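To start, the structure under review is shown below, and the notes come after it.
Chains as they are written, first to last, in this note's numbering: chain A, 1 to 137; chain B, 1001 to 1137.
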């Protein structure tokens, strides 16, 4: 099933997601304030790229948030991710919103606000710990 | 089985690993050039913390690389991670070395050098993609 996915932030994670999800046939738009970062996507990217402040209502509408199935807010700034997630939830009633946690100390804020998250640091620590502890004696 | 684990870099990933592995009973040392970052570990951390250049032979010896079962080089700088991994392998014959990939473009360098890696960005993109595509219609 083809999804409409709005990605906020075109850093390494945002750009990787945009490329992979677009390659899988989904409709993808990416919003970032920095044109250079949007350039990382290259000419192979079929989705929409938009330069603008990530939590600006008009920019989000232009990115297609009204028809979005998913909003992935994956900037390196937790405050931006929280703000965008709340706008997506309250103003646009987006069915599913996932935000990246950067500072593990902010985890409880996301939890209190009921925002689904992904934490690359925690995920990597978990995988590394499993690799270490599964090492044969 | 208790492992001796040398962690290079005390950013978010290094500090999380240090705390979790130490809490699990492993012997952990952490090397970072920035004292402020080592301070993140807090007083609850039972391992060794060392301030110094990450790829300096003497610093690595002081961190216990000679008796290390694992070296985890998880700085945000791929060149440091590659250098440390090669020193650990060639000079100290560490049984297992895992490096963090920061720039996905450097993946092939790690592969060519035979360095085991973890890529937080790739891992997170994979998990997010699974979450999106497993969504019930």
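Cβ atoms here follow ideal geometry from the backbone N, Cα and C, with glycine treated the same way.
On a predicted model such as this, the values are computed, not experimentally measured, just so you know.
Please list the residues of the stretch 1101 to 1124 of chain B that have a C-beta atom closer than 9 Å to any C-beta atom in chain A, keeping them in chain order.
1102, 1103, 1104, 1116, 1118, 1119, 1120, 1121, 1122, 1123 and 1124
Going by DSSP in three states, residue 1041/B sits in which element: helix, strand or coil?
coil
Assuming residue 1118/B and residue 1098/B are in contact, meaning their beta carbons sit under 8 Å apart, how far apart are those beta carbons, in whole angstroms?
6 Å
On the CB-based measure, 16 or more other CB atoms within 10 Å of its CB, does residue 61/A come out buried or exposed?
exposed
Report yes if the C-beta distance between residue 1065/B and residue 1045/B is below 7 Å; otherwise report no.
no
Write down the C-beta distance between residue 41/A and residue 19/A rounded to the nearest angstrom, noting that I regard them as a contact closer than 8 Å.
7 Å
Would you verify that the beta carbon of residue 1132/B is, or is not, closer than 7 Å to some beta carbon of chain A?
yes
What residues are listed by DSSP as bridge partners for residue 63/A?
Answer is none; residue 63/A lacks a bridge partner.
Contact list for the stretch 1071 to 1094 of chain B against chain A, Cβ threshold 9 Å
1072 and 1074
Measuring CB to CB, does residue 1031/B end up less than 7 Å from residue 1059/B?
yes
Chain-order list of residues whose beta-carbon lies under 7 Å from that of residue 15/A (same chain, five-residue window excluded)
40 and 41
Which residues, taken in chain order from the stretch 1014 to 1029 of chain B, show a beta carbon closer than 7 Å to some beta carbon of chain A?
1016, 1017, 1020 and 1021
Which partner residues does residue 32/A have in the DSSP bridge list?
51/A
Is the Cβ of residue 1038/B closer than 7 Å to any Cβ of chain A?
no
Output yes if chain A places a C-beta closer than 7 Å to the C-beta of residue 1012/B; else output no.
yes
Answer with yes or no whether the minimum CB distance from residue 129/A to chain B is below 7 Å.
yes
Closest to residue 124/A by C-alpha separation, out of 1108/B, 1106/B, 1102/B and 1079/B, would be which residue?
1102/B
Is the distance from the Cβ of residue 50/A to the Cβ of residue 35/A below 7 Å?
no
Taking residue 1005/B as the query, report the chain A residues whose CB atoms sit under 9 Å from its CB, ordered along the chain.
132
Going by CA-CA distance only, name the one from 1007/B, 1012/B and 1021/B that's closest to residue 133/A.
1021/B
Run through chain B and tell me which residues come within less than 8 Å of residue 98/A, C-beta to C-beta.
1128 and 1131
Tell me the DSSP secondary structure of residue 116/A in three-state form.
strand
Could you pull out every residue in the same chain whose Cβ sits closer than 6 Å to the Cβ of residue 1033/B, ignoring the five residues on either side in sequence?
1053
Taking only the alpha-carbon atoms, compute the straight-line gap between residue 1026/B and residue 1003/B and give it to the nearest angstrom.
5 Å
Taking the alpha-carbon of residue 24/A as reference, which of 43/A, 47/A, 86/A and 84/A has the nearest alpha-carbon?
47/A
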